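Quick notes on the structure that follows.
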């Protein structure tokens, strides 16, 4: 029973840590840094932390068995952040979050295609509830969408696709490699990907260490790289992509709640309703599957 809840809990913790990232980036921007500089610091310091974890926990040489899938995971991690940043150039933050949130049904679709089977009725209704809850939770009810440029919608949905593919690739277990080994390769690839398109100069021009960006980079590296990648690597192969997509929906409520706490942003009644709806959508499969399991056990005992 413990293992039944352990791996879903790891997915929830990993997704929750991603929910903190947008607020930390906003705090960095309030301190005078750009979003590109903050993201580059995230992946550079994240890579440094990954190397430290590897050196402290492994006495064997770095393994490169199955490295191709890990490079792909790292590319998708960096690409998600780059594409999401592009979407913010055309979209209000609330709409960008909702479009990124579409990874819930995209991930389920990828799972159905790869497994060649339809989602369960519980998963299907859960996805509908999640998408319905995301609109009021992000405060989009009163937003005028008529002036949003077409490329904004494309960038936003592309970010959702990249994130869905990252979850899918991260679920491919590399049994011949330790988790910390995987983390080093994924974080290095993500750093190289982001540095190639954003602001690598912060590392040598003094911005990162002399101007205080490292504090935000440390927080972003932990919450936006180390914790989620580490936990997703362990949990996604056990939980499955479809269920991971549903559980990862906790990211949006966490993002809203953290912004209220750290940025003193206001939250409306509609947003609270949306957050409660999302939490209901996340809990539904777990509750119903647990009831089904208990019913089967009672029948078996009789």
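Residue numbers (full-length UniProt numbering): 1 to 302.
Beta carbons are placed, not taken as given, at the ideal position from N, Cα and C, and that holds for glycine.
Since we're looking at a predicted model, the values are computed, not measured.
For the alpha helix (DSSP H) that contains residue i, what are its first and last residues?
{"i": "residue 214", "result": "213 to 221"}
{"i": "residue 244", "result": "241 to 247"}
{"i": "residue 158", "result": "150 to 170"}
{"i": "residue 189", "result": "179 to 197"}
{"i": "residue 86", "result": "67 to 87"}
{"i": "residue 204", "result": "Counting along the chain, residue 204 falls outside any alpha helix (DSSP H), and DSSP gives it neither H nor E."}
{"i": "residue 258", "result": "251 to 263"}
{"i": "residue 117", "result": "Where residue 117 is concerned, there is no enclosing alpha helix (DSSP H), given that its DSSP letter is neither H nor E."}
{"i": "residue 32", "result": "Looking at the DSSP string, residue 32 is not in any alpha helix (DSSP H), and its letter there is neither H nor E."}
Buried or exposed for residue i, please, with buried defined as at least 16 other CB atoms from any protein chain shown within 10 angstroms of its CB.
{"i": "residue 147", "result": "exposed"}
{"i": "residue 5", "result": "exposed"}
{"i": "residue 301", "result": "Residue confidence for residue 301 is low, a pLDDT of 46 falling below 50, so the modelled location carries little weight and cannot support an answer."}
{"i": "residue 261", "result": "exposed"}
{"i": "residue 264", "result": "exposed"}
{"i": "residue 101", "result": "buried"}
{"i": "residue 235", "result": "buried"}
{"i": "residue 60", "result": "exposed"}
{"i": "residue 118", "result": "exposed"}
{"i": "residue 206", "result": "exposed"}
{"i": "residue 111", "result": "buried"}
{"i": "residue 55", "result": "exposed"}
{"i": "residue 91", "result": "buried"}
{"i": "residue 297", "result": "With a pLDDT of only 44 at residue 297, under 50, the local geometry of the prediction cannot be trusted, and no value is derived from it."}
{"i": "residue 274", "result": "buried"}
{"i": "residue 292", "result": "Residue confidence for residue 292 is low, a pLDDT of 45 falling below 50, so the modelled location carries little weight and cannot support an answer."}
{"i": "residue 104", "result": "buried"}
{"i": "residue 156", "result": "buried"}
{"i": "residue 295", "result": "Here the model assigns residue 295 a pLDDT of 48, short of 50, so the residue's position is not dependable, and the following value carries that caveat. Residue 295 comes out exposed."}
Of all the options the options, which has the alpha carbon lying nearest to the alpha carbon of residue i?
{"i": "residue 150", "options": "169, 206 and 86", "result": "86"}
{"i": "residue 170", "options": "89, 230, 61 and 81", "result": "230"}
{"i": "residue 228", "options": "214, 250 and 66", "result": "250"}
{"i": "residue 66", "options": "161, 212, 38 and 185", "result": "185"}
{"i": "residue 179", "options": "31, 15 and 51", "result": "51"}
{"i": "residue 97", "options": "220, 137, 10 and 217", "result": "137"}
{"i": "residue 216", "options": "34, 165, 8 and 95", "result": "34"}
{"i": "residue 73", "options": "198, 56, 28 and 163", "result": "163"}
{"i": "residue 214", "options": "20, 181 and 40", "result": "40"}
{"i": "residue 28", "options": "8, 129, 42 and 59", "result": "42"}
{"i": "residue 46", "options": "134, 194 and 172", "result": "194"}
{"i": "residue 165", "options": "268, 106 and 218", "result": "106"}
{"i": "residue 12", "options": "218, 253 and 197", "result": "253"}
{"i": "residue 18", "options": "219, 267, 270 and 274", "result": "219"}
{"i": "residue 183", "options": "8, 26 and 70", "result": "70"}
{"i": "residue 225", "options": "81, 207 and 269", "result": "81"}
{"i": "residue 141", "options": "53, 84 and 271", "result": "271"}
{"i": "residue 58", "options": "259, 113, 177 and 189", "result": "177"}
{"i": "residue 89", "options": "152, 275 and 197", "result": "152"}
{"i": "residue 172", "options": "238, 128 and 211", "result": "238"}
{"i": "residue 285", "options": "49, 277, 274 and 243", "result": "243"}
{"i": "residue 10", "options": "199, 161, 233 and 275", "result": "233"}
{"i": "residue 139", "options": "7, 267 and 8", "result": "267"}
{"i": "residue 95", "options": "167, 168, 154 and 123", "result": "154"}
{"i": "residue 48", "options": "222, 197 and 241", "result": "222"}
{"i": "residue 31", "options": "199, 208 and 122", "result": "208"}
{"i": "residue 8", "options": "276, 273, 26 and 241", "result": "241"}
{"i": "residue 77", "options": "276, 129, 128 and 168", "result": "168"}
Return the Cβ separation of residue i and residue j in integer angstroms, given the expectation that the two are a contact with Cβ distance under 8 Å.
{"i": "residue 126", "j": "residue 281", "result": "5 Å"}
{"i": "residue 203", "j": "residue 37", "result": "With a Cβ gap of about 10 Å, residue 203 and residue 37 do not count as contacting."}
{"i": "residue 303", "j": "residue 181", "result": "The chain is shown only over 1 to 302; residue 303 falls outside these bounds and no answer can be derived."}
{"i": "residue 108", "j": "residue 245", "result": "5 Å"}
{"i": "residue 83", "j": "residue 159", "result": "4 Å"}
{"i": "residue 15", "j": "residue 248", "result": "4 Å"}
{"i": "residue 21", "j": "residue 189", "result": "Not confirmed; about 19 Å, so no contact."}
{"i": "residue 24", "j": "residue 134", "result": "Not a contact, Cβ separation roughly 21 Å."}
Does the ligand NAP have even one heavy atom less than 6 Å from the beta-carbon of residue i?
{"i": "residue 150", "result": "Judged by which ligands are present, the structure shown has none, so any question about the ligand NAP falls away."}
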